[in-house]
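Taking my numbering, the leading residue of the sequence shown gets 104, the next gets one more, and so forth.
Here is the structure we will look at.
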Amino acid sequence: MDPALTQMQQSQLAVILGSELTPFETLITHLMSSSNEQRSTAESLYNLAKQTDPNSLCLKLAHLLHSSPQMELRAMSAILLRKLLTRDDSYIYPRLTPQSQASIKSILFSSIQREEAKSITKKLCDTISELASSILPENGWPELLPFMFQCVSSDSPKLQEAAFLIFAQLAQYIGDMLTPYIKELHTVFLQCLTSSSSADVRIAALNAVINFIQCLSNSSDRDRFQDLLPAMMHTLTQALNNGQEATAQEALELLIDLAGTEPRFLRRQLVEVVGSMLQIAEAESLEEATRHLAIEFVITLAEARERAPGMMRKLPQFISRLFAILMKMLLNIEDDPIWHSAESEDEDAGETTNYSVGQECLDRLSISLGGNTIVPVASEQLPAYLAAQEWQKHHAALIAIAQIAEGCAKVMIKNLDRVVSMVLNSFQDTHPRARWAAINAIGQLSTDLGPDLQVQYHHQVLPALAGAMDDFQNPRVQAHAASAILNFSENCTPEILSPYLDGIVSKLLVLLQNGKQMVQEGALTALASVADSSQENFQKYYDAVMPYLKAILINATDKSNRMLRAKAMECISLVGMAVGKEKFRDDAKQVMEVLMSLQGSGMESDDPTTSYMLQAWARLCKCLGQDFLPYMSVVMPPLLLSAQLKPDVTITSADSDNENDESDDEGMETITLGDKRIGIKTSVLEEKATACNMLCCYADELKEGFYPWIDQVAPTLVPLLKFYFHEEVRKAAVSAMPELLRSAKLAVEKGLAQGRNEAYIKQLSDYIVPALVEALPKEPDTEICTSMLEALNECLQVCSHQV
Numbered sequence: 104m105d106p107a108l109t110q111m112q113q114s115q116l117a118v119i120l121g122s123e124l125t126p127f128e129t130l131i132t133h134l135m136s137s138s139n140e141q142r143s144t145a146e147s148l149y150n151l152a153k154q155t156d157p158n159s160l161c162l163k164l165a166h167l168l169h170s171s172p173q174m175e176l177r178a179m180s181a182i183l184l185r186k187l188l189t190r191d192d193s194y195i196y197p198r199l200t201p202q203s204q205a206s207i208k209s210i211l212f213s214s215i216q217r218e219e220a221k222s223i224t225k226k227l228c229d230t231i232s233e234l235a236s237s238i239l240p241e242n243g244w245p246e247l248l249p250f251m252f253q254c255v256s257s258d259s260p261k262l263q264e265a266a267f268l269i270f271a272q273l274a275q276y277i278g279d280m281l282t283p284y285i286k287e288l289h290t291v292f293l294q295c296l297t298s299s300s301s302a303d304v305r306i307a308a309l310n311a312v313i314n315f316i317q318c319l320s321n322s323s324d325r326d327r328f329q330d331l332l333p334a335m336m337h338t339l340t341q342a343l344n345n346g347q348e349a350t351a352q353e354a355l356e357l358l359i360d361l362a363g364t365e366p367r368f369l370r371r372q373l374v375e376v377v378g379s380m381l382q383i384a385e386a387e388s389l390e391e392a393t394r395h396l397a398i399e400f401v402i403t404l405a406e407a408r409e410r411a412p413g414m415m416r417k418l419p420q421f422i423s424r425l426f427a428i429l430m431k432m433l434l435n436i437e438d439d440p441i442w443h444s445a446e447s448e449d450e451d452a453g454e455t456t457n458y459s460v461g462q463e464c465l466d467r468l469s470i471s472l473g474g475n476t477i478v479p480v481a482s483e484q485l486p487a488y489l490a491a492q493e494w495q496k497h498h499a500a501l502i503a504i505a506q507i508a509e510g511c512a513k514v515m516i517k518n519l520d521r522v523v524s525m526v527l528n529s530f531q532d533t534h535p536r537a538r539w540a541a542i543n544a545i546g547q548l549s550t551d552l553g554p555d556l557q558v559q560y561h562h563q564v565l566p567a568l569a570g571a572m573d574d575f576q577n578p579r580v581q582a583h584a585a586s587a588i589l590n591f592s593e594n595c596t597p598e599i600l601s602p603y604l605d606g607i608v609s610k611l612l613v614l615l616q617n618g619k620q621m622v623q624e625g626a627l628t629a630l631a632s633v634a635d636s637s638q639e640n641f642q643k644y645y646d647a648v649m650p651y652l653k654a655i656l657i658n659a660t661d662k663s664n665r666m667l668r669a670k671a672m673e674c675i676s677l678v679g680m681a682v683g684k685e686k687f688r689d690d691a692k693q694v695m696e697v698l699m700s701l702q703g704s705g706m707e708s709d710d711p712t713t714s715y716m717l718q719a720w721a722r723l724c725k726c727l728g729q730d731f732l733p734y735m736s737v738v739m740p741p742l743l744l745s746a747q748l749k750p751d752v753t754i755t756s757a758d759s760d761n762e763n764d765e766s767d768d769e770g771m772e773t774i775t776l777g778d779k780r781i782g783i784k785t786s787v788l789e790e791k792a793t794a795c796n797m798l799c800c801y802a803d804e805l806k807e808g809f810y811p812w813i814d815q816v817a818p819t820l821v822p823l824l825k826f827y828f829h830e831e832v833r834k835a836a837v838s839a840m841p842e843l844l845r846s847a848k849l850a851v852e853k854g855l856a857q858g859r860n861e862a863y864i865k866q867l868s869d870y871i872v873p874a875l876v877e878a879l880p881k882e883p884d885t886e887i888c889t890s891m892l893e894a895l896n897e898c899l900q901v902c903s904h905q906v
């Protein structure tokens, strides 16, 4: 015992690690307790045992894992033992005596043979694999591989499955240790895939063989396993024939993994494999999840361009079949009344999982195979959909055109006339959802096929969208027409837009006054975009538009109107930038008074106004230039608070069997590091990133006028060069570095630095430049690395004679 331990700790440990098992069982039970106090006390004792007597601790855990009648104690022991035997911070295996090491390995073998609970067997296999990956390369466990081959050859399905689970993990961790056994492994894989009556054994063997193929660096070694492919596929078909869809889904997930990493392994039997997958995808009697996985397999193969270029393009008949399957999935849409009432944002009301998967896969398929492959298939299949009676078919065809546009842009631009006329004809469709889909397609084509679409077809598209804004019976169609105006104008020159501005602006003003809230929000966004695209051409509409915008800003005070008010802010600031300081100056003062009072009123954390307001202030600054300086004392304090936000992080154990640990909250992003699961609230990160961008904006725009804030901004942004939770935050911090130095230098040169001289610039550069140099080699993103080098270059140029 360690003499540094207190008498009480020594006696507690002596009892826990003594010959009686009950105190140790109680300790492990308390480690799982929901009481923080009880768990914390148990953790302290457990850590003491780990430090002072690792031999007794590991042996106790191994005996508990082997012999405890309580399942939860065996499970917890397996987890704890695995952590102790994993080569990381807690790795204590080398500190154990040779006798303890031998006992633990022997008990693990015995436990595998006697354990009946599947979940605990899996944890046991994890423990064995982790230990083996550390000691097998040093010949520290010569009995392991013979034991595993013995298990695989036994007539116990349970032992066969366990051995394959371990083989699968060893292939991932230390695959090169298994390559000398390539012949024996081929034999056992083939035998179990073809002969085992247990679906679990076949799946475990499939997992092991796929992991093993992936760990083989030599293609000729991989080719030796080609003859296993029919047996591997048989695992899938057998599960389906036996009605075991959960097993079939497991098999599909493993095969998807293989298709993504080693697509060339499939090339000799590609026709049979892809044919089987499409057959599964077409089988309406199967569960949706099974069919979706079969589709995912084929899409994954199509996406494996670097590893197997052109492989799928050689199978045009399959591409056509897959496209037809995906088109059929787009018909799974219901005419939900919520969509028509347009009281809420539910744009996807009535859409099913099938519909969403079909939509996503069309996009991925066209990006991976390109227009030369996809456009001929689409040209063959879509006309029949558009000519049919049912609105669902019209809707499906229009959604498909929107989905394939990004991947097929080059080829679609060559056939623009045909594409545009197909879509514009549907603006007259009798069903509002089909008209919405036509508008949606025009919006997407404006983005993906711009500026060609804008230059060649503005005279058809803009009047059609203006007409759609008159559809007061269907507010969702109106709102989407306004959104499509936004998409169209973003890729458009002022000269193209100018002749249509009278009609568009007057219609958008009508929507602002009469529309439902969703329509008003769409109209505000469209107005903002039109103003941004037409710049000084928007001046003639300013006097008509600004009163409405200010009225919304002042009157939209209810919680239900928060987004409307936020969009009004965005629109006002973009209109101000478009028309310029002289035209905007008088209204700007009033608008800023409203923003200041809003800012002082204290907004709720989920209020979208905060983020929109940060951006509106920055635009107003760009518009007004030095005239904005008087407002900086109001703008900066909350902006600095947003930039200084700490990430909202929750840390849980990745080992936890509790499925609820996986947060379903869409506002959380989850990453797993080692044995910890880290959840980060994305809204906090986004607000922080926006604030950092705005600080950079102010420094850039106000130059020496930004000087009073440098002493607060530099210590806020410099540490964020290494803020690895969010790359936008790092990008903004990097961009701001030269701007801060430039601002300081100009302030000193113009005598605006409150008596500070060049020594101040040197002090600032001595803070900024080394921070950039230190962050550079640690930066994981190459694009940000480039920005860092550019920023460094600018910084050195700004203060060349100081450095």
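Just so you know, even glycine gets a beta-carbon here, dropped at the ideal spot from N, CA and C.
message = Can you tell me where the alpha helix (DSSP H) holding Ile207 begins and where it ends?
response = It spans Pro201 to Arg217 - the alpha helix (DSSP H) in which Ile207 sits, taken as one unbroken run.
Among Glu123, Gln317, Leu130 and Val304, the one whose alpha carbon lies nearest that of Cys254 = Residue Val304 is the option with its Cα nearest to Cys254.
Cut-off 6 Å between Cβ atoms - residues of its own chain near Ser636, not counting five sequence neighbours on either side = Closer than 6 Å at the Cβ level, and outside the excluded window around Ser636, lie Ser592, Cys595 and Leu600.
task = Only counting runs of 4 or more residues, tell me where the alpha helix (DSSP H) segments fall wholly within the region 238–321, in order along the chain.
result = Here the runs fully enclosed are 247–256, 260–277, 285–298 and 302–318.
query = Based on the DSSP secondary-structure assignment, which residues constitute the bridge partners of Gly782?
reply = Thr753 and Thr773
message = I'd like the span of the alpha helix (DSSP H) that includes Leu489, first residue to last.
response = Start and end: Gly474 to Ala490.
ask   = Can you tell me whether DSSP reads Glu454 as helix, strand or coil?
value = strand
request  = Could you spell out the range, first to last residue, of the alpha helix (DSSP H) harbouring Tyr863?
outcome  = Glu861 to Ala878
task = Label Asp466 either buried or exposed according to how many other C-beta atoms from any shown protein chain fall within 10 Å of its C-beta, with 16 as the threshold for buried.
result = Flag for Asp466 reads buried.
message = Taking its Cβ as the centre, do 16 or more other Cβ atoms sit within 10 Å of Val648, making it buried, or is it exposed?
response = buried
ask   = Regarding Pro126 and the ligand SAM, is the C-beta to nearest heavy atom distance less than 6 Å?
value = With respect to the ligand SAM, the structure shown offers nothing to examine, as it has no ligands at all.
query = Since Ser838 and Cys799 are thought to touch, with beta carbons under 8 Å apart, how far apart are those beta carbons, to the nearest angstrom?
reply = 5 Å
query = Who are the Cβ neighbours of Phe826 in its own chain at under 6 Å, not counting the five residues just before and after it?
reply = Val832 and Arg833
message = Quick check: the Cα distance between Ser745 and Ile871, rounded to an integer number of angstroms?
response = 21 Å
task = Report the option in Ala817, Pro822 and Ser529 whose CA atom is closest to the CA atom of Gln866.
result = Ala817
inquiry  = Quick test of your reading: Tyr651 and Val678, contact by CB under 8 Å. State the CB separation rounded to the nearest angstrom.
reply    = At roughly 11 Å, the Cβ-Cβ gap does not stay under 8 Å, so Tyr651 and Val678 are not in contact.
query = Nearest-angstrom Cα distance between Ser786 and Ala587?
reply = Rounded to whole angstroms, the gap between the alpha carbons of Ser786 and Ala587 is 27 Å.
message = Taking a contact to mean a Cβ-Cβ separation below 7 Å, would you say Val514 touches Gly474 in this structure?
response = yes
task = Reducing DSSP to helix, strand and coil, say where Ile504 ends up.
result = Secondary structure of Ile504 (DSSP, three-state): helix.
task = Find the nearest neighbour of Val821 within the set Val876, Thr533, Phe809 and Gly854, judged by alpha-carbon distance.
result = Val876
request  = Give the DSSP-derived three-state secondary structure of Ala178 in the structure shown.
outcome  = helix
task = Please report how far the alpha carbon of Met891 lies from the alpha carbon of Gln815, in whole angstroms.
result = Linking Met891 to Gln815 through their CA atoms gives a straight-line distance of about 22 Å.
request  = May I ask you to report which of helix, strand or coil DSSP gives Ile195?
outcome  = coil
task = Output the distance between the C-alpha atoms of Leu369 and Ser206, rounded to the nearest integer angstrom.
result = 44 Å
Beta-bridge pairing of Ile599 - partner residues as DSSP gives them = Ile599 pairs with nothing; no bridge assigned.
request  = Sort Leu227, Ala835 and Gly121 by Cα distance to Ser159 and report the nearest one.
outcome  = Gly121
N-terminal and C-terminal residue of the alpha helix (DSSP H) that Gln154 is part of = Asn139 to Thr155
key: When Ser663, Lys686 and Ile657 are compared against Met672, the one with the closest alpha-carbon   = Ile657
ask   = Is it true that the CB of Ala584 sits closer than 7 Å to the CB of Met572?
value = yes
message = Could you tell me the alpha carbon to alpha carbon distance between Ser114 and Phe252, rounded to whole angstroms?
response = Ser114 and Phe252 have their C-alpha atoms spaced approximately 45 Å apart.
key: Assigned exposure category for Asp690 - 16 Cβ within 10 Å defines buried   = buried
request  = Could you say which of His534, Gln173, Ile754 and Lys208 lies nearest to Ile223 if we only look at CA atoms?
outcome  = Gln173
task = Kindly indicate which residue of Glu789, Arg410 and Cys228 has the alpha-carbon position closest to the one of Ile210.
result = Cys228
key: Limits of the unbroken alpha helix (DSSP H) element including Met336   = Leu332 to Asn344
task = In the DSSP assignment, find the unbroken alpha helix (DSSP H) run with His443 in it and report its ends.
result = Pro440 to Ser444
query = How is the alpha helix (DSSP H) around Cys888 delimited, first residue to last?
reply = Thr885 to Val901
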